[in-house]
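In the working numbering, the protein residues as written are 232 to 557.
Glycine included, every Cβ here is placed at the ideal spot set by N, Cα and C.
Below: one structure, written as structure tokens.
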Amino acid sequence: MFDGLFGNPRENRRKRRDPYALNVKVRAPHRMQAQVGKALMSLAVMLTVGLAAYGSFRAFQYFVHEAFTENSTYNITSIQVENDGGLTHEEIVGLSGVREGQNLYAVDLAAIRAALESNPVIRRTEIYRVLPNKLRIVVSERVAAAQFFTRARYDAATRRVLAPPMGYLVGADGVVMKPLNPFAQSKDTARLPLLSGVEPDGITLGQPLSGPQVLSGLNLIHLCESPDIAPLLDYERIDLSRKGALVMVTRYGGQITFGLDDLPGQLKRLKTILTHPSRAGQIIRTCDLSVQMNVPVTYFTPVSANPEVSKGIGVPNRSLQGGIRP
């Protein structure tokens, strides 16, 4: 009687359990062993897959090596060069570093392209494999848009020349192409527009020029090639030494000043001045196009009309001075 009232509760719970339930207890060591076994199995599978992939890769490399890079059928027997500029076939092949006899598949096309385009004269290069044994190189050279000379650098105390003026060719994209010998210019370089007063700092072959003054000067040269304004201009150089301005020096020594902003608008005002009916036959001595309204202009007396004029520099005609409203 008392056993039924005050019996052991744990023993009662065991008696109420399903007699047909399977009671399986997994000890911690057995559980750890199972996990380690699974990890080892996974590692073995990964190693097997990795070894199989590596073996396949090495087999593919061997196949490529034997079938292509070591196959004399693909040895280069001819290097074809197409060029739109002045570099010779020998110069381009020498810059590329490729020689006949090398395997067509062993050469690195990206390295050849980089070697060629490291030359500041070359703008773009395309390399092609022409099976079975030819390499084709297509070169587009950078076209010189102007020449420029740097300003001489002097010691502030002694006025001794630290760096003499240097001449360079520059492309339309502003990249410095190659140095010039100012005492031995060819006909091709002599006809190029001249930028003077360029600061010598920061000039590196193959790198673009920087600075608003130089970039505006190059832009002005490009705009002056327009068929609307080119027949009206006869200038020798563009001076960049005046800060914040471009000074175009004409063949007769006239000076036309431009601001750095809105060059197309300033050229439009210049065209209005040059084609003004009342100024027919006159030569500009000074003109400041940075002024938007009532542009100040002075003129030369034509050389042919004044025998006292020498060396192409006229005498200013005071009656022809004044402002022109474009």
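Other residues of its chain near residue i: CB distance less than 8 Å, five sequence neighbours each side excluded
{"i": "V361", "result": "Q311, R367"}
{"i": "E372", "result": "N314, D315, G316, G317, L318, V352, I353, R354"}
{"i": "H453", "result": "A376, A403"}
{"i": "Q333", "result": "N306, I307"}
{"i": "D339", "result": "none"}
{"i": "T506", "result": "L463"}
Cβ-Cβ distance between residue i and residue j below 8 Å
{"i": "L426", "j": "T420", "result": "no"}
{"i": "L491", "j": "L477", "result": "yes"}
{"i": "I406", "j": "P439", "result": "According to the sequence as given, residue 406 is Val; it is not Ile. Yes, these two residues count as a Cβ contact at 8 Å."}
{"i": "F379", "j": "P396", "result": "no"}
{"i": "G485", "j": "I514", "result": "yes"}
{"i": "I343", "j": "V329", "result": "yes"}
{"i": "R384", "j": "P431", "result": "yes"}
Cβ-Cβ separation, residue j to residue i (assumed contact under 8 Å), whole Å
{"i": "I358", "j": "Y399", "result": "Not really, about 28 Å apart at Cβ, beyond 8 Å."}
{"i": "N525", "j": "L494", "result": "So it is not a contact: roughly 20 Å between Cβ atoms."}
{"i": "K365", "j": "S309", "result": "5 Å"}
{"i": "F489", "j": "L446", "result": "So it is not a contact: roughly 13 Å between Cβ atoms."}
Exposure of residue i, with buried meaning 16 or more beta-carbon neighbours within 10 Å
{"i": "Q266", "result": "exposed"}
{"i": "V280", "result": "exposed"}
{"i": "A536", "result": "Low confidence applies to A536: its pLDDT is 46, below 50, so where it sits in the model is not reliable, and the reading given next is rough at best. Answer is exposed; the Cβ neighbour count stays below 16."}
{"i": "V370", "result": "buried"}
{"i": "R500", "result": "buried"}
{"i": "T503", "result": "exposed"}
{"i": "V392", "result": "exposed"}
{"i": "L326", "result": "buried"}
{"i": "M408", "result": "buried"}
{"i": "Q264", "result": "exposed"}
{"i": "L176", "result": "This structure cannot settle anything about residue 176, because the visible part of the chain is limited to 232 through 557."}
{"i": "I468", "result": "For the sequence presented, residue 468 should be read as Arg rather than Ile. By the neighbour-count rule (16 or more Cβ atoms within 10 Å), R468 is buried."}
{"i": "L282", "result": "exposed"}
{"i": "L335", "result": "buried"}
{"i": "Y285", "result": "exposed"}
{"i": "G496", "result": "exposed"}
{"i": "P508", "result": "exposed"}
{"i": "G268", "result": "exposed"}
{"i": "V401", "result": "buried"}
Proximal residues to residue i (C-beta, below 6 Å), its chain only, five neighbours per side dropped
{"i": "C518", "result": "I487, V528"}
{"i": "I616", "result": "Nothing about residue 616 can be read from this structure; the chain reaches only from 232 to 557."}
{"i": "E348", "result": "T356"}
{"i": "T304", "result": "P363"}
{"i": "E539", "result": "For E539, the pLDDT reaches just 44, beneath the cut-off of 50, and the residue's location in the model is therefore unreliable, leaving the point undetermined."}
Neighbourhood of residue i by C-beta distance below 7 Å, restricted to the same chain and skipping five residues each side
{"i": "G428", "result": "R382, D470, L471, S472"}
{"i": "R289", "result": "none"}
Residue i beta carbon near the ligand COA (any heavy atom closer than 7 Å)
{"i": "G484", "result": "As far as ligands go, the structure on display features none, and thus does not contain the ligand COA."}
Considering only residues of the stretch 318 to 384, which uninterrupted beta strand (DSSP E) runs meet the minimum length of 3 residues and lie entirely inside it, listed in chain order?
Restricting attention to beta strand (DSSP E) runs no shorter than 3 residues, the stretch 318 to 384 encloses them at 353 to 361, 365 to 372, 375 to 381, ordered along the chain.
Taking the runs of the beta strand (DSSP E) that are 3 residues or longer, which of them lie wholly in the stretch 465 to 521?
Counting only runs of 3+ residues, the beta strand (DSSP E) found wholly inside the stretch 465 to 521 occupies 466 to 470, 476 to 481, 486 to 490, 514 to 519, in chain order.
Quick one: which unbroken alpha helix (DSSP H) runs of 4-plus residues sit fully inside the stretch 380 to 446? Chain order, please.
If we require 4 residues or more, the alpha helix (DSSP H) runs fully inside the stretch 380 to 446 come out as 418 to 421.
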